[in-house]
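What follows is a set of notes on a single structure, which appears directly below.
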Amino acid sequence: MKPLCWFWRLVATGFSFALFALGALSLGLLLAPWIYLLPWSPARRRQLARKSIQRWVRFYVGVMRALGLLSVSFEGEAALQQPGVLVVANHPTLLDAVLLMAVMPNATFIVKAAMARNPFTRWIVALAGYIPNDEVGVELVEKAAAALRGGETLMIFPEGTRTQGDELKLKRGAANIALAADCPLLPVVIDCQPLTLRKGEPWYQIPATRPHFSLRVLPRMDLHSLVDRSQPPGLQARALTAALHTRLQEQLQAQR
Numbered sequence: 035m036k037p038l039c040w041f042w043r044l045v046a047t048g049f050s051f052a053l054f055a056l057g058a059l060s061l062g063l064l065l066a067p068w069i070y071l072l073p074w075s076p077a078r079r080r081q082l083a084r085k086s087i088q089r090w091v092r093f094y095v096g097v098m099r100a101l102g103l104l105s106v107s108f109e110g111e112a113a114l115q116q117p118g119v120l121v122v123a124n125h126p127t128l129l130d131a132v133l134l135m136a137v138m139p140n141a142t143f144i145v146k147a148a149m150a151r152n153p154f155t156r157w158i159v160a161l162a163g164y165i166p167n168d169e170v171g172v173e174l175v176e177k178a179a180a181a182l183r184g185g186e187t188l189m190i191f192p193e194g195t196r197t198q199g200d201e202l203k204l205k206r207g208a209a210n211i212a213l214a215a216d217c218p219l220l221p222v223v224i225d226c227q228p229l230t231l232r233k234g235e236p237w238y239q240i241p242a243t244r245p246h247f248s249l250r251v252l253p254r255m256d257l258h259s260l261v262d263r264s265q266p267p268g269l270q271a272r273a274l275t276a277a278l279h280t281r282l283q284e285q286l287q288a289q290r
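For what it's worth, this note's numbering labels the leading residue of the sequence shown as 35, then goes sequentially.
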């Protein structure tokens, strides 16, 4: 019976990847041009684009759950709707951004540059106001900080890529953005057991049992209680990154 269940999940996984690609094509080639032509303000078109992405992603996660590919639990989901906060999360699997997009209907995401350059997805990414991660460091920080200062919620993975090994290795980009916007950090701890879709792992290398994703929103981290704002910016970013690393690493270890 176990080999049969594993084979079913393998076939269903292949189907889910194809479904995701089809959804991305539909959003990029069918919906995006229609939104672009609407006689609305850029802000209203941006909101519609984000809501459309969120609804599709939420449907997609529901399909994966119905197929028995994964289970998901979320603690503190409502806190992600706070305006003007920088949401930061560890990044163990390929599905982390999808799971967060499903519960953040009007957030700015920093996305892979490939999505912004891809002819099939670039329109919907631009309409949604997502920020590609190939921007020059200063430009990316300023765009992200401007969105936060405008009251938007911004989401970034401070590792920059999926976690390799058990130890988190954070870059200073998230800290630089928070300091430039003078906004609080809202950490999210993502745990997946057993691990799947890690960096460098092919889609067909599925675990023996169905993975469970646990997402937990932690208390906000206030800048002024963590860094000395009279210090040089580099030292502030280093101190904030260290504090965030400690918070995420400790919570991950506590959950396991």
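Just so you know, even glycine gets a beta-carbon here, dropped at the ideal spot from N, CA and C.
Asked	Found
Going residue by residue through the stretch 124-212, where are the continuous alpha helix (DSSP H) segments of at least 4 residues, counting only ones entirely within it?	130-135, 147-151, 156-162 and 171-183
Run through the DSSP bridge pairs and tell me what residue 225 is partnered with.	248
Taking only three categories from DSSP, how would you classify residue 264?	coil
Given residue 270, which residues of its chain have a CB within under 6 Å of its CB, disregarding the five upstream and five downstream residues?	213 and 261
Alpha helix (DSSP H) containing residue 86: first to last residue?	76-100
According to DSSP, residue 49 sits in a beta bridge with which residue or residues?	Its beta-bridge partners do not exist; DSSP assigns none.
Grab me the residues of residue 286's own chain with a C-beta within less than 8 Å of its C-beta, minus the 5 sequence neighbours each way, in chain order.	124, 202, 223 and 225
Is DSSP giving residue 120 helix, strand or coil here?	strand
Just to check my reading of the structure: residue 110 and residue 250 have Cβ atoms closer than 8 Å, yes? What is that Cβ distance to the nearest angstrom?	6 Å
For residue 284, does the three-state DSSP call read helix, strand or coil?	helix
Taking just the CA atoms, how far does residue 256 sit from residue 277?	11 Å
Express the C-alpha separation of residue 137 and residue 221 in angstroms, rounding to a whole number.	15 Å
For a quick check, are the C-beta atoms of residue 44 and residue 127 less than 7 Å apart?	no
Who are the Cβ neighbours of residue 267 in its own chain at under 7 Å, not counting the five residues just before and after it?	213
Can you give me the C-alpha to C-alpha distance between residue 78 and residue 58, rounded to a whole angstrom?	21 Å
Hey, how far is the Cα of residue 102 from the Cα of residue 244?	7 Å
How many angstroms separate the CA atom of residue 117 from the CA atom of residue 62?	27 Å
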